[in-house]
Amino acid sequence: MDQVTTIEAFTATLKRDLLVAYKRKNDIFNPFMFFLIVCSLFPIGISPDPARLGEIASGVLWISALLASLLAMDSLYRNDFEDGSLEQLLLSPHPLYFLVLAKNMAHWLVSGLPVVIVSPLVAYMLSLPDDAYWVMFLTLLLGTPILSLLGSIGVALTVGLGSRGLILAVITLPMSVPVLIAGTLTVQEALNGASLSGYMAVLGAMFFGSLTLAPLASATALRISVT
Amino acid sequence: MWMWFAKLGSPRWFYEISTKWLPWLASAMCILMIVGIVWALLFLPPDYQQSFTTRILVIHVAVAGTSLAFFPLMAVAGTITLVWKMKLADMVAKHAAPLGAWFSFVTLATGSLWGSVMWGTWWEWTDARLVSMLFQFFLLLSVVALRSAIEDPDKSAKACALLSIVGCINVVIIKYSVEWWNVLHQPSSPLSTSNGSANGPEFWMATGVMILAVYLFFIVSLTLATRNEILQRERRSQWVQEIVRTS
Numbered sequence: 016m017d018q019v020t021t022i023e024a025f026t027a028t029l030k031r032d033l034l035v036a037y038k039r040k041n042d043i044f045n046p047f048m049f050f051l052i053v054c055s056l057f058p059i060g061i062s063p064d065p066a067r068l069g070e071i072a073s074g075v076l077w078i079s080a081l082l083a084s085l086l087a088m089d090s091l092y093r094n095d096f097e098d099g100s101l102e103q104l105l106l107s108p109h110p111l112y113f114l115v116l117a118k119n120m121a122h123w124l125v126s127g128l129p130v131v132i133v134s135p136l137v138a139y140m141l142s143l144p145d146d147a148y149w150v151m152f153l154t155l156l157l158g159t160p161i162l163s164l165l166g167s168i169g170v171a172l173t174v175g176l177g178s179r180g181l182i183l184a185v186i187t188l189p190m191s192v193p194v195l196i197a198g199t200l201t202v203q204e205a206l207n208g209a210s211l212s213g214y215m216a217v218l219g220a221m222f223f224g225s226l227t228l229a230p231l232a233s234a235t236a237l238r239i240s241v242t
Numbered sequence: 002m003w004m005w006f007a008k009l010g011s012p013r014w015f016y017e018i019s020t021k022w023l024p025w026l027a028s029a030m031c032i033l034m035i036v037g038i039v040w041a042l043l044f045l046p047p048d049y050q051q052s053f054t055t056r057i058l059v060i061h062v063a064v065a066g067t068s069l070a071f072f073p074l075m076a077v078a079g080t081i082t083l084v085w086k087m088k089l090a091d092m093v094a095k096h097a098a099p100l101g102a103w104f105s106f107v108t109l110a111t112g113s114l115w116g117s118v119m120w121g122t123w124w125e126w127t128d129a130r131l132v133s134m135l136f137q138f139f140l141l142l143s144v145v146a147l148r149s150a151i152e153d154p155d156k157s158a159k160a161c162a163l164l165s166i167v168g169c170i171n172v173v174i175i176k177y178s179v180e181w182w183n184v185l186h187q188p189s190s191p192l193s194t195s196n197g198s199a200n201g202p203e204f205w206m207a208t209g210v211m212i213l214a215v216y217l218f219f220i221v222s223l224t225l226a227t228r229n230e231i232l233q234r235e236r237r238s239q240w241v242q243e244i245v246r247t248s
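Protein sequences appear in the order of chains L and H. FYI, the working numbering numbers position 187 of the first sequence as 202, with every residue one higher than the one before it. FYI, the working numbering numbers position 215 of the second sequence as 216, with every residue one higher than the one before it.
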């Protein structure tokens with residue numbers, strides 16, 4: 016039998032997950048819709064006044080993206096757990112780290128990236144000042160993968176449980192605080208006209224830190240949950 | 002060295018050694034607690050700036066300091082659980098989480114009592130310590146929630162161990178990021194400068210007694226909870242049944 020290299024296993028997992036997502040389009044559509052709907056609730060709940068909206072827009076976008084990513088998280092391992100393919104993944108001879116990374120990546124491409132892409136439009140609707148569009152977009156582009164990677168730990172810990180929804184939120188949301196701080200601060204400082212390289216560097220450090228460490232924790236958590 | 006380590010992991014050995022130590026620890030705790038509380042709440046002279054509110058601080062500082070020990074403790078216990086699969090470490094960790102949540106809550110409560118007098122507000126987002134303590138409280142509660150959500154004891158032990166390690170790292174990151182957020186988000190607040198500097202030696206001596214007392218309280222209550230857990234989990238073993246029969 017031909018040996019499959021780890022890189023091949025990584026791309027195969029990535030392709031499979033993207034294909035599965037493509038076949039069940041709800042998983043792509045729902046987080047995206049959720050993001051749009053939550054963002055449009057804020058002007059109704061708080062104030063339609065553009066000046067006030069502009070002040071809170073960055074926070075609204077970030078918190079909505081955080082909640083959208085949280086709600087999308089549940090589908091990361093659940094279907095695979097229920098049909099048994101997650102166990103096959105654990106049994107594979109390849110490092111689980113890369114397989115988990117592939118699954119996280121596919122999941123972010125499907126649920127996180129659409130949110131990032133639509134964010135400038137929503138930023139316009141929430142009257143975020145023009146200067147901050149790019150920064151908003153870039154922080155979300157760097158930030159939402161971190162949210163996915165961190166959320167993956169929580170999902171992996173709770174994958175076998177009956178009632179996951181709330182416990183997942185209780186575990187994941189406090190962990191996301193530093194990312195939320197870094198993201199919203201960067202946008203705020205862009206509005207103040209400050210230099211952004213330091214802020215982006217912090218976000219980048221968080222991104223690479225979670226890219227290297229979070230899949231390890233997710234992999235360990237999966238081994239604990241799936242036995 | 003490894004013999005000692007293996008011994009420590011045995012619940013029976015821990016139960017027996019703690020039976021010997023507990024009366025001493027508990028009586029030391031009671032004496033220090035009474036001395037500390039009476040001294041702090043009744044006899045500490047009023048501070049010239051803060052008058053009698055420093056009396057709250059004596060308890061607040063002691064509880065706050067102890068509450069910071071919980072996540073490192075749980076992370077170490079979690080590592081031992083995951084690596085050496087030691088039962089005792091998980092029993093300690095299981096009861097450390099809710100106890101730590103209580104300590105954090107008392108820290109927040111005494112802190113806002115003091116703040117309501119000195120700062121004129123019960124809650125202040127511009128103070129980094131308040132905010133990071135709040136999130137430590139949430140993270141400890143999430144460990145408790147995960148523990149009760151997973152029914153299989155072995156699985157919940159390992160899952161909570163992992164969450165404790167991740168949480169411990171996260172508490173540190175949250176602490177620094179909240180400080181950063183505070184420095185940059187608002188102009189520096191006039192609030193947080195007003196404590197600490199004016200306190201005399203008496204305040205620190207009372208606080209020292211209180212810190213010792215609270216640490217002992219933490220050790221004693223954790224040991225008592227762990228002993229209960231040992232009896233419950235080892236209820237089928239002979240030595241536990243003997244203890245139950247003789248008592």
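Every residue, glycine too, gets a C-beta built ideally from N, C-alpha and C.
At the level of alpha carbons, what is the spacing between residue i and residue j?
i         : j         : result
Gly56(H)  : Phe106(H) : The question names Gly, but residue 56(H) in the sequence shown is Arg. So the two alpha carbons sit approximately 18 Å from each other.
Leu74(H)  : Phe136(H) : 17 Å
Leu192(H) : Gly116(H) : Legend: pLDDT at Leu192(H) = 45, less than 50; position of this residue unreliable, no value from coordinates given.
Ala97(H)  : Leu223(H) : 7 Å
Ser90(L)  : Asp42(L)  : 8 Å
Val144(L) : Leu206(L) : Note that residue 144(L) is Pro in the sequence shown, not Val. Spanning the two alpha carbons is a distance of roughly 7 Å.
Leu225(H) : Ala234(L) : 35 Å
Phe44(L)  : Ala36(L)  : 10 Å
Leu89(H)  : Gly10(H)  : 6 Å
Gly180(L) : Ser191(L) : 17 Å
Ser126(L) : Ser84(L)  : 7 Å
Ile101(H) : Leu164(H) : Strictly speaking, residue 101(H) in this sequence is Gly, with Ile absent from that position. About 15 Å.
Ala76(H)  : Gly168(H) : 8 Å
Thr187(L) : Met88(L)  : 10 Å
His109(L) : Leu226(L) : 18 Å
Trp120(H) : Leu114(H) : 10 Å
Could you tell me which of the options sits nearest to residue i, measuring between CA atoms?
i         : options                                       : result
Ala72(L)  : Leu188(L), Met140(L) and Ile239(L)            : Met140(L)
Pro12(H)  : Val245(H), Ser248(H), Glu243(H) and Glu230(H) : Glu230(H)
Gly158(L) : Asp95(L), Ala117(L) and Val130(L)             : Val130(L)
Gly208(L) : Ala147(L), Asn119(L) and Thr242(L)            : Ala147(L)
Thr111(H) : Lys156(H), Ile60(H), Trp25(H) and Ser133(H)   : Ile60(H)
Met151(L) : Gly169(L), Met221(L) and Glu204(L)            : Glu204(L)
Asn94(L)  : Asp32(L), Asp64(L) and Pro108(L)              : Asp32(L)
Leu153(L) : Lys30(L), Glu102(L) and Ile132(L)             : Ile132(L)
Ile212(H) : Ala162(H), Ile175(H), Ser19(H) and Phe104(H)  : Phe104(H)
Met221(L) : Thr208(H), Asn171(H) and Leu33(H)             : Asn171(H)
Val144(H) : Thr208(H), Leu131(H), Ser133(H) and Ile166(H) : Ile166(H)
Please report whether the beta-carbon of residue i lies at a distance below 8 Å from any beta-carbon of chain H.
i         : result
Met190(L) : yes
Ala147(L) : no
Ile186(L) : yes
Thr80(L)  : Position check: residue 80(L) holds Ala in this sequence, whereas Thr was assumed. No, its Cβ sits nowhere closer than 8 Å to a Cβ of chain H.
Leu157(L) : no
Ala36(L)  : no
Val19(L)  : no
With a cut-off of 8 Å, does the C-beta of residue i fall near any C-beta of chain L?
i         : result
Lys21(H)  : no
Lys88(H)  : no
Ile175(H) : yes
Ala76(H)  : no
Lys1(H)   : Missing from the structure shown is residue 1(H); chain H here goes from 2 to 248 and no further.
Trp182(H) : yes
Val84(H)  : no
Ser105(H) : no
Ala150(H) : yes
Ala146(H) : yes
Quiz item: Using 8 Å as the threshold, is the segment 197-207 of chain L in touch with the segment 112-128 of chain H, meaning 3 or more CB pairs across them?
Solution: Counting C-beta pairs with one atom in each stretch, the segment 197-207 of chain L and the segment 112-128 of chain H have fewer than three that are closer than 8 Å, which means they do not touch.
Self-check item: Segment contact flag, the segment 26-40 of chain H with the segment 64-84 of chain H, C-beta cutoff 8 Å, min 3 pairs
Solution: No, the segment 26-40 of chain H is not in contact with the segment 64-84 of chain H.
Exercise. Report yes or no: do three or more beta-carbon pairs, one from the segment 52-61 of chain L and one from the segment 107-125 of chain L, lie closer than 8 Å?
Key: Three or more beta-carbon pairs separated by less than 8 Å are not found between the segment 52-61 of chain L and the segment 107-125 of chain L, which leaves the two stretches without contact.
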